[in-house]
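Residue numbers (this note's numbering): 1330 to 1575. Ideal placement from N, C-alpha and C gives every residue a C-beta, glycine not left out. The structure appears right after this line, and notes come after that.
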Amino acid sequence: TNTNTPSILVPSAQDPNKDTRLAWWREARFGMFIHWGVYSAFGGEWNGQKVGGYAEHLQRIMKIKREEYLEKVVKPFNPTEFNADEWVKTVKDTGMQYIVITSMHHDGVAMFDSKTDDYNVVKTSKFGRDPLKELKEACDKYGVKLGFYYSHAQDWSISGDPRYPEPNGPERRKAVVEKKVLPQIKELIEKYHPALFWGDTAHLNPKELNEQILAYLRKEDPNLIINGRVAGAIYGRPTGRWSSVR
């Protein structure tokens, strides 16, 4: 959660939509960021062994091959007690104004019904439901803004992390962006109408790809708030901080 007024990065002083786009964010001040995915079901353990570090990095930390991850993590995922209405009501009752949730983390598993790639919890997991759709409906019901984290520069299911199974390269990343990232961004915007888009690890993409993604986001929804990690952000720099948005 965040209780601080965020620092704002403005892409252009001539941007006529700047104030309109950022108005609700400047007022909100308090929201919830949720990391939730197929990895969550393991609670920081793998084959009886405690897993250190980020829970969402289970696949990388334990060096789980894609096939094993698919069979043991993705397919069995079935959070039957997930209740979007309860989640959002709790957020609303505590005075929070927005939710940001992982629509796809580095493991490449989409937490929504993607027509671009079947590697998602609706088509591939036992769960078979679209949690983002349910969250969007609940957010609209309670008047809570919904934003999506999306790993636009790192996808272990296709191109791999440089520290993980497959080598990452500019040409491969370009293909991933064109065949998966941009189409899924379009799906997220058109189907769920998020108020905020949260990218990550931009330093793993060539600069021109990040700029392409940023331009595409702005074209698809001029009023979408975009964080500083989509284009050019590297950890430790102002634009790499979670609080930097556009």
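In this structure Q1483 is in contact with H1435, their Cβ atoms being roughly 5 Å apart against a cut-off of 8 Å. Residue range K1474 to Y1479 is occupied by the beta strand (DSSP E) that includes K1474.
Non-local beta-carbon contacts of K1455 in its own chain, meaning distances under 8 Å to residues more than five positions away in sequence, involve K1404, P1405, F1406 and N1407 in chain order.
Around the beta carbon of P1499, fewer than 16 other beta carbons sit within 10 angstroms, so the residue counts as exposed. In this structure E1397 is exposed. Its beta-carbon is surrounded by fewer than 16 other beta-carbon atoms within 10 angstroms. Residue pairing by DSSP places T1431 opposite Y1478 in a beta bridge. F1362 carries a strand assignment under DSSP once its states are collapsed to helix, strand and coil. Per DSSP, reduced to three states, the secondary structure at I1555 is strand.
With 16 or more other Cβ atoms from the protein chains shown falling within 10 Å of its own Cβ, N1449 counts as buried. In the DSSP assignment, L1533 falls outside any alpha helix (DSSP H), carrying neither H nor E.
Leaving aside the five residues that flank E1374 on each side, the residues in its chain whose CB is nearer than 8 Å to its CB run, in chain order, V1380. Under the three-state reduction of DSSP, F1411 is assigned to coil, being neither helix nor strand. Annotated three-state conformation of F1406 is coil, per DSSP.
Partner residues in the beta bridge of W1527, as assigned by DSSP, are Y1478. Taking the Cα of N1539 as reference, the smallest distance to any Cα among G1382, G1476, V1505 and D1348 is reached at V1505.
Residue V1429 holds the alpha-carbon nearest to the alpha-carbon of A1524 among E1385, K1392, K1418 and V1429. In the three-state reduction of the DSSP assignment, Q1513 falls in the helix class, which pools H, G and I. The alpha-carbon separation between G1366 and F1441 amounts to approximately 11 Å.
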